[in-house]
Amino acid sequence: MGPVVSKEHQHKIEKYIEIARQNGNEVIVAGIMDENIKTSDKGYFIMPTVILNVDDESKLMTEEIFGPVVCIVPFDTED
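Under UniProt numbering, the sequence shown has 49 at position 49, and the numbering climbs by one with no breaks.
Below, the structure written as C-alpha coordinates:
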(Lines of atoms letter the chains of each structure in order from A and count residues from 1; the text may use other names and numbers.)
(Lines give C-alpha, C1' and ligand atoms only; values in the text may rest on other atoms or scores of the structure.)
Protein backbone atom coordinates (compact mmCIF):
# COMPACT_ATOMS: atom_id res chain seq x y z
CA MET A 1 0.00 0.00 0.00
CA GLY A 2 1.41 3.38 -0.97
CA PRO A 3 1.41 6.69 0.87
CA VAL A 4 -1.46 9.18 1.02
CA VAL A 5 -1.05 12.56 -0.67
CA SER A 6 -0.04 14.73 2.31
CA LYS A 7 0.44 14.93 6.07
CA GLU A 8 -2.84 16.87 6.30
CA HIS A 9 -4.69 14.09 4.50
CA GLN A 10 -3.05 11.49 6.74
CA HIS A 11 -4.42 13.36 9.77
CA LYS A 12 -7.87 13.63 8.15
CA ILE A 13 -8.01 9.85 7.67
CA GLU A 14 -6.84 9.29 11.25
CA LYS A 15 -9.68 11.55 12.45
CA TYR A 16 -12.26 9.39 10.63
CA ILE A 17 -10.80 6.29 12.31
CA GLU A 18 -11.01 8.06 15.68
CA ILE A 19 -14.67 8.96 14.99
CA ALA A 20 -15.34 5.25 14.44
CA ARG A 21 -13.73 4.37 17.77
CA GLN A 22 -15.70 7.11 19.57
CA ASN A 23 -18.93 5.79 18.00
CA GLY A 24 -18.19 2.33 19.37
CA ASN A 25 -17.55 0.75 15.97
CA GLU A 26 -15.16 -2.17 15.81
CA VAL A 27 -11.98 -0.96 14.12
CA ILE A 28 -9.66 -3.58 12.62
CA VAL A 29 -6.26 -2.37 11.49
CA ALA A 30 -4.03 -4.58 9.35
CA GLY A 31 -1.17 -4.21 11.81
CA ILE A 32 0.84 -1.82 13.93
CA MET A 33 2.72 0.80 11.95
CA ASP A 34 6.17 1.78 13.12
CA GLU A 35 6.17 5.53 13.85
CA ASN A 36 9.35 5.85 11.75
CA ILE A 37 7.43 4.57 8.71
CA LYS A 38 4.15 6.40 9.39
CA THR A 39 5.73 9.74 8.47
CA SER A 40 9.02 9.42 6.66
CA ASP A 41 10.82 10.85 3.68
CA LYS A 42 9.01 8.15 1.66
CA GLY A 43 5.55 9.67 2.29
CA TYR A 44 2.61 9.56 4.70
CA PHE A 45 1.23 6.12 5.43
CA ILE A 46 -1.98 4.73 6.94
CA MET A 47 -2.47 1.03 7.65
CA PRO A 48 -5.40 -0.58 5.80
CA THR A 49 -8.38 -0.35 8.15
CA VAL A 50 -11.78 -2.09 8.31
CA ILE A 51 -14.59 -0.52 10.34
CA LEU A 52 -17.50 -2.82 11.23
CA ASN A 53 -21.20 -2.17 11.87
CA VAL A 54 -21.26 1.43 10.69
CA ASP A 55 -24.59 3.28 10.83
CA ASP A 56 -25.89 4.46 7.44
CA GLU A 57 -26.16 8.03 8.74
CA SER A 58 -22.62 8.12 10.14
CA LYS A 59 -20.11 10.64 8.83
CA LEU A 60 -18.06 7.58 7.89
CA MET A 61 -20.76 6.61 5.38
CA THR A 62 -21.84 10.04 4.15
CA GLU A 63 -18.40 11.51 3.42
CA GLU A 64 -15.55 10.27 1.22
CA ILE A 65 -12.55 9.19 3.27
CA PHE A 66 -10.14 8.77 0.31
CA GLY A 67 -7.82 6.44 2.16
CA PRO A 68 -7.22 2.76 2.86
CA VAL A 69 -10.40 2.49 4.95
CA VAL A 70 -13.49 0.39 4.28
CA CYS A 71 -16.74 0.48 6.25
CA ILE A 72 -18.82 -2.69 6.55
CA VAL A 73 -22.57 -2.24 6.99
CA PRO A 74 -24.89 -5.15 7.87
CA PHE A 75 -28.10 -5.55 5.86
CA ASP A 76 -31.16 -7.80 5.91
CA THR A 77 -32.10 -7.90 2.22
CA GLU A 78 -30.65 -6.77 -1.07
CA ASP A 79 -33.73 -4.66 -1.85
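C-beta: ideal position from N, C-alpha, C; glycine also.
Keep in mind that this is a model prediction, so the values were computed, not measured.
I'd like to confirm the pairing. Which residues does DSSP put opposite Val-69 in its beta bridges? Thr-49
From which residue to which residue does the beta strand (DSSP E) around Glu-26 run? 26-29
Which listed residue (Ile-46, Ala-30 and Val-27) has its alpha carbon closest to that of Phe-66: Ile-46
Throw me the rounded Cβ distance for the Lys-7 and Tyr-44 pair, which I believe falls under 8 Å. 5 Å
What whole-angstrom Cβ distance do Ile-28 and Thr-49 have, given they're in contact under 8 Å? 7 Å
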